[in-house]
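Visitor:
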Amino acid sequence: MATATSDVHAHGVAPEDLATVSRQTSVYVYEAPMRIWHWVNALAIVVLCLTGYFIGSPPPSAQIGEAAEQFVFGYIRFAHFAAGWVLAIGFLGRIYWAFFGNHHARQLFYVPFWRAAYWKEVLVEIRWYLFLEREPKKYVGHNPLAQLAMFFFITLGVSFMIVTGMALYAEGAQEGSLAHDLFGWVHGFTWNSQRLHTLHHLGMWWILTFMIIHIYVAIREDIMSRQSIVSTMISGHRTFKDDRDD
Amino acid sequence: MSQVETFYEVMRKQGITRRSFMKYCSLTASALGLGPAFVPKIAHAMETKPRTPVIWVNGLECTCCSESFIRGAHPLAKDVVLSMISLDYSHTLMAAAGHAAEAALEDTIQKYKGNYILAVEGNPPLNEDGMFCIVGGKPFVEQLRHAAKDAKAIISWGACASYGCVQAASPNPTRATPVHKVITDKPIIKVPGCPPIAEVMTGVITYMLTFDRLPELDRQGRPAMFYGQRIHDKCYRRPHFDAGQFVEAWDDENARKGYCLYKMGCKGPTTYNACSTVRWNEGTSFPIQSGHGCIGCSEDGFWDQGSFYDRLTNIKAFGVEANADQVGLTATGVVGGGVAVHAAISALKRAQKKTQAKVEG
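Keeping their order, the protein sequence lines are chains A and H. Its first residue numbered 26, the first sequence is counted upward by one per residue in the numbering used here. Its first residue numbered 36, the second sequence is counted upward by one per residue in the numbering used here.
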């Protein structure tokens with residue numbers, strides 16, 4: 026793969042750099058709306074987890090002044106609700122983009138459950154993570170295991186959090202509010218909203234667990250796989266480090 | 036019992052002046068949240084309508100609903116309410132006993148087929164054919180089914196009849212079952228609470244008599260006028276909640292200052308009831324006002340939502356108690372640890388591969 030100096034059309038090429046030279050194929054995968062959604066969503070989730078944790082277990086009592094002069098817990102809850110709306114509306118926008126975006130915009134919303142070949146590739150990917158494969162396959166979009174994780178953690182997880190969150194929000198907004206009209210029915214399943222609070226709280230940990238895996242795997246794949254991962258969600262381009270077949 | 040007296044007649048008989056009667060009507064109107072225009076309507080109804088017969092049956096319960104009911108102040112239960120309705124059968128309050136009492140029950144059912152209200156305090160246990168609660172020599176569930184068959188509507192008094200309460204708490208050995216799961220073909224109005232507030236109980240009955248229909252109910256079948264809002268949303272300590280000022284421990288400085296009891300496990304934010312507006316004992320106080328958090332007694336399964344003193348519910352699994360945070364922290368800990376180990380192995384593998392490449396290259 027190493028090529029002559031003249032093939033590297035860039036300034037400041039040192040002789041020792043030549044050993045690492047490779048030709049990369051690049052595919053434009055994630056269009057701008059997808060990338061913006063990803064980062065807005067990530068930010069909203071961080072805010073939601075932090076403020077949500079505090080709503081369950083409030084920080085030590087604030088003594089700035091009289092109760093009328095401070096609004097500490099109010100602001101925490103405001104941030105939570107505001108980020109919740111951003112998450113919810115962003116998710117609606119993401120669904121819209123699944124219809125009008127490119128082929129890869131749809132991958133988040135389904136699992137090719139009945140395709141044997143898909144599950145075979147999931148297995149290969151699991152073997153790769155168990156250090157049983159020498160190298161992973163290359164994928165323009167998500168790899169099959171990632172698609173599965175995205176579907177369960179993000180598509181189902183975030184949907185669950187939006188529905189339960191809006192139902193809890195409807196309690197404060199009260200009967201007659203938009204949130205209550207749209208999501209009040211959720212309380213028909215749990216009755217005592219303490220149960221719904223607990224489920225919503227567990228949902229946070231579900232998504233936090235995903236966050237740990239997601240960030241670790243994205244960085245690991247960026248280093249160890251045959252394709253770019255992290256930069257793809259910034260530039261939109263997937264680059265491949267080799268041109269070999271799988 | 037050939038000619039049923041009107042409410043007004045009964046009240047006048049008991050020496051209540053017309054002036055007091057009109058006062059009562061306006062107090063009732065305001066207790067129900069109705070405007071002054073409804074005062075003559077209530078008065079008219081009271082003057083012309085025959086008293087509605089009420090059969091009050093008791094299953095598995097502690098009688099706190101009856102105890103609360105007889106303390107109603109607006110309308111005053113002592114004379115007025117007990118005369119307002121024609122309470123034809125009630126273990127606790129009736130003078131008759133034994134066969135005479137059971138005869139009164141049959142008499143009312145026969146005479147007012149389809150016109151009486153069945154008030155249920157407590158609930159029937161269904162295990163062992165209902166043998167855990169015997170009334171008049173028969174399982175209570177039979178009396179309940181029998182009395183419900185010809186009732187116009189059913190009132191489920193308290194958490195027992197509405198949701199099951201303590202006798203239905205996990206593991207519910209007698210299979211105590213709320214009324215709406217046993218009687219499925221009648222309009223049922225749930226008036227939960229342990230007990231419900233006296234004024235809420237008398238208010239519900241007054242509404243039904245005055246307007247001849249059930250009050251507007253919420254999704255769970257509770258009267259919306261009393262159960263439409265959370266304790267939390269009308270709590271006088273709410274400013275301290277929004278300010279982030281909480282009681283951190285019983286008897287600390289913040290408790291003395293009357294800060295929010297959220298951290299002490301107050302269930303006000305998840306409880307729908309009128310305690311923070313109507314209050315108890317003629318509007319004297321309510322749990323939060325006396326310095327203790329709400330325990331959520333008017334909510335479904337309130338005994339099974341973990342400690343009364345925790346905001347985060349205990350999740351019971353494999354006999355180990357944990358709350359959502361402990362479950363989550365364990366999960367993230369395991370995953371985080373796994374990630375760390377995996378990352379270390381990945382790094383080693385990569386280093387190994389590189390050396391190999393160098394050797395081969």
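By construction, the Cβ of each residue, glycine as well, lies at the ideal position given by its N, Cα and C atoms. Here the structure is a predicted model, which is why all the values come from computation and not from measurement.
Would you kindly work out how many angstroms separate the C-alpha atoms of Leu224/A and Arg273/H, rounded to a whole number?
Guide: 25 Å
Visitor: Using a Cβ-Cβ cut-off of less than 8 Å, give me the residues of the region 378-392 of chain H that come near chain A, in sequence order.
Guide: Ala378, Ile380, Ser381, Lys384 and Arg385
Visitor: Would you check if there are 3 or more beta carbon pairs closer than 8 Å linking the region 255-270 of chain H to the region 309-329 of chain H?
Guide: yes
Visitor: Under DSSP, the beta strand (DSSP E) around Pro88/H begins and ends at which residues?
Guide: Pro88 to Asn93
Visitor: Does the CB of Gly363/H have a neighbour CB from chain A at under 8 Å?
Guide: yes
Visitor: Buried or exposed, going by whether 16 or more other CB atoms sit within 10 Å of the CB of Tyr135/A?
Guide: exposed
Visitor: Using a 10 Å radius around the Cβ and a threshold of 16 neighbouring Cβ atoms, would you call Pro88/H buried or exposed?
Guide: With 16 or more other CB atoms across the displayed protein chains lying within 10 angstroms of its CB, Pro88/H is buried.
Visitor: My understanding is that Asp271/A touches Lys162/A, with C-beta atoms under 8 Å, so please give their C-beta distance in whole angstroms.
Guide: With a beta-carbon spacing of about 5 Å, Asp271/A and Lys162/A fall inside the 8 Å limit used to define contacts.
Visitor: Between the alpha carbons of Phe343/H and Gly300/H, how many angstroms are there, rounded?
Guide: 6 Å
Visitor: I think Pro159/H touches Val217/H, with their Cβ atoms under 8 Å apart; what is that distance to the nearest whole Å?
Guide: 6 Å
Visitor: Taking Cβ-Cβ distances shorter than 9 Å, what residues in chain H pair up with Ala87/A?
Guide: Ala278, Gly279 and Gln280
Visitor: So, does the region 207-214 of chain A touch the region 51-63 of chain A, judging by three or more C-beta pairs under 8 Å?
Guide: no
Visitor: Between Trp285/H and the rest of its own chain, which residues show a CB-CB distance below 8 Å, the 5 nearest in sequence each way excluded?
Guide: Met299
Visitor: Assign Ala211/H to buried or exposed, taking buried as 16 or more other Cβ atoms, counted over all protein chains shown, within 10 Å of its Cβ.
Guide: buried
Visitor: State the start and end residues of the unbroken alpha helix (DSSP H) segment that holds Ser381/H.
Guide: Looking at the DSSP string, the run of the alpha helix (DSSP H) that includes Ser381/H is Ala359 to Glu395.
Visitor: Using the DSSP secondary-structure output, state which residues sit across from His225/A in a beta bridge.
Guide: The partner list for His225/A (beta bridge, DSSP) is empty, contrary to what the question assumes.
Visitor: Could you pull out every unbroken alpha helix (DSSP H) segment of at least 4 residues lying fully inside the region 180-206 of chain H, listed in chain order?
Guide: 193-197
Visitor: Whole angstroms is fine: what's the gap from Gln387/H's alpha carbon to Asp339/H's?
Guide: 55 Å
Visitor: Taking C-beta to C-beta, are Tyr43/H and Glu82/H nearer than 8 Å?
Guide: yes
Visitor: Chain H beta carbons: is any one of them nearer than 8 Å to that of Ser250/A?
Guide: no
Visitor: What ranges does the beta strand (DSSP E) occupy inside the region 31-74 of chain A, keeping only unbroken runs of at least 3 residues that lie completely in it?
Guide: 50-53
Visitor: For the beta strand (DSSP E) containing Glu156/H, name the first residue and the last one.
Guide: Tyr151 to Glu156
Visitor: Buried or exposed, going by whether 16 or more other CB atoms sit within 10 Å of the CB of Lys393/H?
Guide: exposed
Visitor: Can you name the start and end residues of the beta strand (DSSP E) that Asp268/A belongs to?
Guide: Annotation: Asp268/A is outside any beta strand (DSSP E) and is labelled neither H nor E by DSSP.
Visitor: Please report the straight-line C-alpha distance between Leu249/H and Ala259/H, rounded to a whole angstrom.
Guide: 11 Å
Visitor: Taking Cβ positions, are Leu73/A and Ala108/A nearer each other than 8 Å?
Guide: Taking 8 Å as the Cβ cut-off, Leu73/A and Ala108/A qualify as a contacting pair.
Visitor: Quick check on this structure: which residue in Arg47/H, Val92/H, Lys48/H and Pro71/H has the alpha carbon closest to the alpha carbon of Gly157/H?
Guide: That would be Val92/H, whose Cα lies nearest to the Cα of Gly157/H.
Visitor: Can you pull out the residues from the region 239-268 of chain H whose beta carbon lies closer than 9 Å to at least one beta carbon of chain A?
Guide: Closer than 9 Å at the C-beta level to chain A, one finds these residues of the region 239-268 of chain H: Asp253, Arg254, Gln255, Ala259, Gly263, Gln264, Arg265, His267 and Asp268.
Visitor: Looking at the strands, I want to know which residues DSSP matches up with Leu122/H.
Guide: Val89/H
Visitor: Given that a residue counts as buried once 16 or more other Cβ atoms are within 10 Å of its Cβ, and exposed if not, what is Ser413/H?
Guide: Since the displayed chain H opens at 36 and closes at 396, residue 413/H lies outside it and no answer follows.
Visitor: With 16 other CB atoms within 10 Å as the buried threshold, where does Met229/A fall?
Guide: buried
Visitor: Between Val183/A and chain H, is there a C-beta pair that is closer than 8 Å?
Guide: Residue contact with chain H for Val183/A: absent (no Cβ-Cβ distance below 8 Å to any residue of chain H).
Visitor: Run down chain H in chain order and give the residues with a C-beta less than 8 Å from the C-beta of Ala130/A.
Guide: What Ala130/A touches in chain H: nothing, since even the nearest Cβ is about 28 Å away.
Visitor: In terms of residues, what are the limits of the beta strand (DSSP E) holding Ile224/H?
Guide: Ile223 to Val226
Visitor: Does DSSP put Ala72/H in a helix, in a strand, or in coil?
Guide: coil
Visitor: List, in chain order, every chain H residue whose beta-carbon is nearer than 7 Å to that of Leu203/A.
Guide: Listed along chain H, no residue sits closer than 7 Å to Leu203/A by beta-carbon distance, the nearest being about 17 Å off.
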